[in-house]
Structures are given as structure tokens and as C-alpha cells.
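Peer 1: Sequential numbering of the sequence shown, starting at 72, is according to this note's numbering. All residues carry an ideal CB built from backbone N, CA and C; glycine is no exception. Since we're looking at a predicted model, the values are computed, not measured.
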Amino acid sequence: MSNVWGLVDDAATGQVLGVIAKLGQPFTLKKLDYNALVNLPNFLRGTSLIGTDRSMSAPIAPPWPKLVIAAGRRTIPVLRFIKRKSPTTTTVYLMRPDIAQDIDLIAMPEHDLPLKRDNVLTTLAPLHAVTPEALEVAKRSWAGQFAHLPRPWVALVLGGDTRYGRYTATDWRDVLQQAQRLAGQGSLLITTSRRTPQEAIAFAGTLVQGPHLLHRFHTDKDSPYLGILGCADAIIVTGDSLSMVSETCASGKPVSIYTVPRVLPEKYTRFHAKLYAEGLARPLDANTTLDWTPKAALDDAGKVAYEIRARFPQALS
């Protein structure tokens, strides 16, 4: 029996896996599927399995673990259900919860304006599963496929429009031109994401004249994303995704963030400013160079794992 469970669904698996990896303990992932009742507010679902499709979900039943880690709004009633059934189980939630009762430790990123409670741990960034170990494995796997390209290798991670605003053709041309300038006589390793519009992909295919790789996002193909982050000498990322920015900053490489204010909500801007202040990233502009080193690799998952060990040693014994 594993003493550590991770509650995961199709929305927030990376956060849970990132912290569990840092704990270095045997674990069991409990995959949850849902029925229509999951759309009820969590205060109505309470401390129950209402909303879960038990025929499709992993069993949530004894023997209970010593530690359960979860992320995502839909997992909260299940996490609280486990605590009600097993009061000695330590429960950890990795996002801002809509209900904070019965949860032993809550890890919330600073830009989400964390709750003022003794059981709340503030992180700088959203959590994810990009670790130095994962990047090293990916680097060994992908480096040979980039070997024909001259260095430096500058990664360009492209996001896309948000509900707050859209990138224009001028914006896409600008970030591609800035990336080519930084790459100089080297190469661009370009990867798109689920939200990258076709316009941006088309510009990347036509405007980039120097040596480059262009990966178009596909859910059904082996992605070089981690390989690109692991191999790159420097990284450029569009600022429209908190997760992508956090993952690139976990690489320990020089990261430059391309921002268009009309596309970003205020909390994204707060997050970027904090990264700049901490020496973990720089804004991408005409003065950006590659000749700098970040103060550290961003490792909030490690911070949460350390706090779990410190506060709840019995959960890992």
C-alpha cells in the first residue's frame, strides 16, 4: 500500500506530480472522472464523492494513506471526504480553494492574493511537473535531433490569445524578429501551444530565415517541449500563460518574457514583475541580451515538498 495519494483529473495533474516528485516517496495516482453533479458548487458537494463517476474513477476507499495531495476545484470535495473518513490523513491542496475547511496545507501562488491563514503557504508561481530531472532526461533524448543546428539554441515558446485580448499580426512579427535578433548566428527552437493561432504559426514558418526548428502543437504526437527547454541556451516565452512562464523559469536558463499589456490580466503583470525583481527572468525588448544568468531556477514544488516534510513528518514516515 502506498502512503501517498495524488488526486488527479484532466485539469491539474502537473501540479500534483511536481510536488510528489520532490517528495521522493512511493505514491499512487487516483484518477478521478466525473458526472453531471460535479457542476454543483463545492459547498453543496461538501465532504462527499457526489460528482465523481465511481465506475470510471480510481477507488477512494480504505486503506487510507498518510498523505493526499490534490489540485483543481473538482477534487476538493474528494479531498475533504478522505479527511472526514480518515482524520489522521494529511491533506494538501495546491491552488486557491473555494472551500478551505478540513485542508491541512494550502499552497497558493502570490499573484492569486493568498488567504491569510496559518495553513496557507505562498508560492511565487503556479506549480507544475517540470523539474531539473525531467529536463535532463528530455535533453538526453532530444539533443541529437537538434545537433545539426548552429548554437546558441534560443527557444521560443509561443502561447496565444486570452479572454482579455488578442495578439495582432504586428505583435507576432515583433516577437519573431526579437527572437531572431537574440539568436544571431545561432538557431531558434520554436514550439507552439494549444492556443497558438494559425496566423502566428504561419508567420513563424515564413519570417524566420535563419536555422530553426518549428514544432506545431499536436496532442497526439511526441512533443519536443521538454527537450527544447532542456537543450536551449536561452528561452523566450510569451507572457500569456502562467504555466508556460513558470515552466521555462524552472529550467535555470536565461528567460525573456514577451508581453503585450492588452492581452494580460493584472495578476499576470504582477507575476512577471515579481520574476524580474527576483532575478529569475527579464522582459524581452530591444535591449535584451543573452549574456546574463538567472539567480536560481524557480522551484516552488520543492518549496512545498520541504514544507510538507517540516510540518507533517508523520505523513512521510
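By Cβ distance below 8 Å, which residues in the same chain neighbour residue 151 in space, the five residues on each side in sequence not counted?
Peer 2: Correct list, in chain order: 117, 118, 162, 170, 172, 173 and 174.
Peer 1: Would you call the segment 369 to 379 in contact with the segment 196 to 210, where contact means no fewer than 3 C-beta pairs closer than 8 Å?
Peer 2: Contact holds: three or more Cβ-Cβ distances are below 8 Å.
Peer 1: To the nearest whole angstrom, what separates the beta carbons of residue 88 and residue 378, a pair I think is in contact under 8 Å?
Peer 2: Contact flag wrong, Cβ pair sits at about 17 Å.
Peer 1: Out of 292, 239 and 331, which one is the CA nearest neighbour of residue 308?
Peer 2: Among 292, 239 and 331, the Cα nearest to that of residue 308 is on 331.
Peer 1: With 16 as the cutoff for other CB atoms within 10 Å, does residue 322 come out buried or exposed?
Peer 2: Answer is buried; the Cβ neighbour count reaches 16.
Peer 1: Which term fits residue 154, buried or exposed, when burial requires 16 or more other beta carbons within 10 angstroms of its beta carbon?
Peer 2: Buried.
Peer 1: When you compare only the Cα positions, how much space is there between residue 142 and residue 353?
Peer 2: Going by the C-alpha atoms only, they are around 29 Å apart.
Peer 1: From which residue to which residue does the beta strand (DSSP E) around residue 317 run?
Peer 2: Not the beta strand (DSSP E): residue 317 falls in the alpha helix (DSSP H), residues 313 to 320.
Peer 1: Would you call the segment 96 to 113 and the segment 126 to 140 touching, i.e. three or more CB-CB distances under 8 Å?
Peer 2: Yes, they touch.
Peer 1: Could you check whether residue 238 and residue 262 sit closer than 8 Å to each other, using their CB atoms as the reference points?
Peer 2: No. Outside cutoff.
Peer 1: Verify whether the separation of the beta carbon atoms of residue 285 and residue 220 is less than 8 Å.
Peer 2: Not a contact, by the Cβ cut-off of 8 Å.
Peer 1: Report, in whole angstroms, the separation of the C-beta atoms of residue 108 and residue 387, which I expect to be a contact under 8 Å.
Peer 2: At roughly 34 Å, the Cβ-Cβ gap does not stay under 8 Å, so residue 108 and residue 387 are not in contact.
Peer 1: Can you have a look at residue 111 and say buried or exposed, based on whether 16 or more other CB atoms are within 10 angstroms of its CB?
Peer 2: Looking at its Cβ environment, which holds fewer than 16 other Cβ atoms inside 10 Å, residue 111 is exposed.
Peer 1: Going by DSSP in three states, residue 116 sits in which element: helix, strand or coil?
Peer 2: If DSSP states are grouped into helix, strand and coil, residue 116 belongs with the helices.
Peer 1: Quick one, which of 340, 273, 384 and 146 has its alpha-carbon nearest residue 77's?
Peer 2: Minimum Cα distance to residue 77 is reached at 146.
Peer 1: Is the beta carbon of residue 326 closer than 8 Å to that of residue 365?
Peer 2: It is a contact, given that the beta carbons lie within the stated cut-off.
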